[in-house]
Amino acid sequence: METQQGQQPGYGRGRDGKRKKYTPMDSALRFLAEKYPAPYFLYLTPEMANAFASFSSFEDWITRVRLILTEEPVQPHPRLSQFSHRWETAADDDSR
């Protein structure tokens, strides 16, 4: 199965012209964004939030979603710290 541009689904072109594979998170978020209107909230564990922050697409998505974390990350990923205004904990203790 190929898309209109002749690419396989789940692949895009990076800045260097090489194919990049979308993560399952990218695929799920693209589906939600195409199907439902904003705003978007993601309820994640600190580990999953750190993993999400490590994705190359994180900075694109974090401007469109708000993260609700189950608890405060012990060691937040640097990008998660950079965008600390885009997430909060479910307890909402404002300890950041």
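Going by the UniProt record's numbering, the first residue of the sequence shown is number 1, and it counts up by one from there. Even for Gly, the Cβ is constructed at its ideal location relative to N, Cα and C. Quick caveat: nothing in here was measured; it's all calculated off a predicted structure.
- Spatial neighbours of Ile62 in its own chain (CB-CB distance under 6 Å, excluding positions within 5 residues in sequence) are listed in chain order as Phe83, Arg86.
- Only exposed fits Ala38, as fewer than 16 other CB atoms lie within 10 angstroms of its CB.
- Under the DSSP assignment, Phe41 falls in the beta strand (DSSP E) whose first and last residues are 40-44.
- If you ignore the 5 residues before and after Ala33, its C-beta comes within less than 8 Å of the C-beta of Tyr40, Arg64, all in its own chain and listed in chain order.
- Rounded to whole angstroms, the Cβ separation of Glu59 and Arg79 is 7 Å, and the two are in contact under 8 Å.
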